[in-house]
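Take a look at the structure below.
Protein chains: 2
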Amino acid sequence: MRDFSHGHEWLAINTATLRKQWRLDRIIDECARRDIRAIAPWRDQVAAVGLAAVARQLRDTGLVLSGYCRGGFFPAADAAGLAAALDDNRRAIDEACALASPCLVLVVGSLPGALDGKAVHRDIARARGEVRDGIAATLAYARGVGMPLAIEPLHPMQAAERACINTLEQALDLCDELDAERTGALGVAVDMYHVWWDPKLAQQIARAGRERLLAFHVCDWLTPTRDLLNDRGMMGDGVIELRKARGCMEAAGYAGYAEVEIFSDDWWSRPGEEVLDTCIARHRSVV
Amino acid sequence: MRDFSHGHEWLAINTATLRKQWRLDRIIDECARRDIRAIAPWRDQVAAVGLAAVARQLRDTGLVLSGYCRGGFFPAADAAGLAAALDDNRRAIDEACALASPCLVLVVGSLPGALDGKAVHRDIARARGEVRDGIAATLAYARGVGMPLAIEPLHPMQAAERACINTLEQALDLCDELDAERTGALGVAVDMYHVWWDPKLAQQIARAGRERLLAFHVCDWLTPTRDLLNDRGMMGDGVIELRKARGCMEAAGYAGYAEVEIFSDDWWSRPGEEVLDTCIARHRSVV
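As they're listed, the protein sequences go chains A and B.
Going by my numbering, the first residue of the first sequence is number 1, and it counts up by one from there.
Going by my numbering, the first residue of the second sequence is number 1001, and it counts up by one from there.
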C-alpha cells in the first residue's frame, strides 16, 4: 500500500468542494500553488470559465484531471427526454476529451421529476432499464473516442432523485453485462461516502479489479448527518475507515488519485485556503 | 393477492406513529374505536402505562400485537456493555411474551456511541460480529420461550448509529447461519422505508419465504426528504411502490398485517384522529 504520509502527490480535488468560494480558474491556481497535481471539475464550473480557457490553464499549470463530472441522468418521462439525455452525454464526453480526462463520471439519474419533488412515475425498475440502455448507447460513442465511463453508485438515500444505481455490486453487474471483456471502457467510481456502509464493499472492490476501478473519492460520514446532500465531512471527522478502504482498492490494483469531494454547507462557508490546506493535511494523516 | 380496498382488517399501527400525540392507553382506545385490530407498541410506551395494564387493556379491547419494538443494540464498547445488552434483550423478550406478540423486532445497533455523536470506534466489521454473536445468544433464550426474533434491516443512512444490518440479503445471510433449519425462530421485518431502494428487494423477499417474513412495515419516501430520521411520509405521498412490494411479500407466503410506522415531525404535529383516519384511508387506497 502506498504511503501518503510524506506528501500529497496522489491527492486530487473535486472542485465541487470549493464551488461556493471560487471560480474554477482560481481553484486551479490555488491547487497549483500547493503542488496539488489533479482536479475533477464539474461541467458548470468549466462552462463558467470557458472550455478552451480551462484546457489552456491546465496545460500552463501542469494540472491533470482525475475525472470529469458528470454525465448520466439517463431516465426521462418520454422519448424526447431520453434522446436529449443521450445528446447531453455525448457533449460531456467531448468536453472530457478536450480536458484529457481519464474518465467521465456517471451519476445515472432515477425517477424523472423527483429532483424537483414531482416524480412523474414511481417505477424504479423502469428507470433502471433506461439507465442500462442509456449507458449502452453512450458507451458506443465513448469507445469511439476512447473515453472511459465510470458509473458512480450513489448512496441509497439518493435513489429517488439522483441515481438508481445504489451499490457497487449493481454497478459491476452492469459493467459485466455491457463490457464483458473488461476492456477498460466501462468501470466504476468508488465514492466512499456512498458505499462505506455496504457489507459487500471489500468483496465487490476485489471483484471490480484494476480494469474497473476508475476513480476513488473520499470525504467522511458525520454522526449526526444533518442533511442528505450537503453535510459531508472532512476526512477524519466521521466514521468511514478510509485507510482500510484504500487498502482494498490498492490490493485490487488501483494506483490512482484519492479525490476529495465534499459537499458541505460547513466547509463551503470557510476560506478556500483553509479547505485546501486541510485536505492536504488529512490526505496525509487519514487517507 | 389480498384485496385491501374494502376494509382494514390487515392494518396494524406501529404506535411510534402517534407517540407525540397520545399515551399508549389512549392509542389503544382510539384504534379499537376504529376497528383497527393490531398495534406494534414500543417498550418505553408500554413502560409509561405499565406492562400489566397494557396486557389487560389489550385483552379487554381484543387488540393483538403485530410485533413488539424493540430488542437489539448489541454492540458495545466493552464486555460489560455487551452483557448488559443481552440482559436487556431478555427483558424485551419477556415483555413480548407477556403481550403475546408474534415477534420481537430487532434494531441491531452499530458503532457504540455514534448515536450520541461520539463513536468509540469506527470498525463496522467488529460491530457486525458483535451483532451476530448477540443475536445468537438472544436466539437461544428466545427459542426457549417461543418468541420469534425479527431482524429489521435499516436504511444505509442509519448504518453508523442504529443498525449495521442494512440490506435484506445481509439479514437473511444471518438467518441462514443461525437458523439453517428455517424453524421460524428467526426471520426479518421488512420495512419498506428501509429497503425500497434495493435492486435485490424482490429477489430477497422471495428467498426469505414464509418462515422468515415476520413483519411488513409501510410508510413512504418523500422527495425531498428533509431529515434522516423523522421525515417519513404517509403511504401514497412518496415514491415507494407499496402495492408491488406487498405483492412480492404475499407471493412469498406472507399473510400478516401491513403495519404503518411513520416517524414524522409533520404527522406528529397533527391531531391523532386525523392520523389514524388517514392511515385507514391510505391502507385501502394505496397499500
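Virtual Cβ for every residue (Gly too), placed ideally from N, Cα, C.
Only a predicted model underlies this, so the values are computations on that prediction, with no experimental measurement involved.
Residue-level contact to chain A via CB, residue i, 8 Å cutoff
i       : result
B/R1243 : no
B/W1267 : no
B/A1230 : Checking the sequence, you will find Asn at residue 1230 of chain B rather than Ala. Cβ-Cβ to chain A under 8 Å: no for B/N1230.
B/N1014 : no
B/P1224 : yes
Contact list for residue i against chain B, beta-carbon separation under 8 Å
i     : result
A/R70 : Correct list: empty, because the minimum Cβ distance to chain B is about 20 Å.
C-beta contact flag for residue i and residue j at 8 Å
i       : j       : result
A/Y193  : A/A38   : no
A/V218  : A/V287  : yes
A/P224  : A/V188  : no
B/A1100 : B/L1065 : yes
A/R122  : B/E1250 : no
A/R246  : A/R212  : no
B/E1259 : B/A1202 : no
B/M1157 : A/M157  : yes
B/L1228 : B/R1162 : no
A/A150  : A/C103  : yes
B/T1061 : B/A1040 : no
B/L1086 : B/G1134 : yes
B/P1148 : B/A1125 : no
B/Y1068 : B/V1107 : no
A/W197  : B/A1119 : no
B/Q1057 : B/T1015 : no
A/A48   : A/L24   : yes
Any chain B beta carbon closer than 8 Å to residue i
i      : result
A/M147 : no
A/H155 : yes
A/R128 : yes
7 Å CB neighbourhood of residue i in its chain, flanking five on each side removed
i       : result
B/R1034 : L1276 and I1280
B/G1272 : L1018, Q1021, W1022 and E1030
B/D1191 : E1152, H1217 and E1261
A/F4    : W10, H283, R284 and V287
A/A79   : none
A/D237  : D220 and L222
A/A96   : Y68, L104 and M147
B/E1131 : According to the sequence displayed, residue 1131 of chain B carries Val and not Glu. Hits under 7 Å: F1074, P1075, V1108, G1109, C1164 and I1165.
Per-residue contacts from residue i into chain A (C-beta, under 7 Å)
i       : result
B/Q1170 : P199
Residues bridged to residue i (per DSSP)
i       : result
A/V260  : A/I13 and A/V218
A/V64   : A/A38
B/C1069 : B/W1042 and B/V1105
B/I1240 : B/I1240 is not bridged to any residue.
B/I969  : Residue 969 of chain B falls outside the range modelled here, since chain B spans only 1001 to 1287, and no answer is possible.
A/A163  : A/G109
A/G233  : A/D220
B/L1213 : B/V1188
Neighbouring residues, chain B, relative to residue i (Cβ below 7 Å)
i      : result
A/V239 : L1111, A1114, A1119, R1122 and A1160
A/P271 : Result: empty, since nearest Cβ-Cβ is about 26 Å, beyond 7 Å.
A/W221 : A1160
Partners in chain B for residue i, counting only beta-carbon separations shorter than 9 Å
i     : result
A/P75 : Chain B residues near A/P75: none, gap ~13 Å exceeds 9 Å.
CB contact check: residue i to chain D, cutoff 8 Å
i      : result
A/N166 : Here chain D cannot be found, since the structure's protein chains are A and B.
Proximal residues to residue i (C-beta, below 6 Å), its chain only, five neighbours per side dropped
i       : result
B/K1020 : W1268
B/G1109 : G1072, F1073, F1074 and P1075
A/A206  : A252
B/A1142 : I1093 and L1149
B/H1008 : I1280 and H1283
B/G1113 : A1119 and V1120
Cβ shell of residue i (< 8 Å), same chain only, five flanking positions each side left out
i       : result
A/A136  : L178
B/G1209 : R1182, A1252 and G1253
A/G233  : C219, D220, W221, L222, I262 and S264
B/E1013 : Note on identity: in this sequence residue 1013 of chain B is Ile, with Glu being the wrong assignment. So the qualifying residues of the chain are I1027, C1031, I1036, A1038, I1039, A1040, E1259, V1260, L1276 and C1279.
Contact test: residue i Cβ vs the ligand SAM heavy atom, cutoff 7 Å
i      : result
A/A251 : Looking for the ligand SAM in the displayed structure turns up nothing, as the structure carries no ligands at all.
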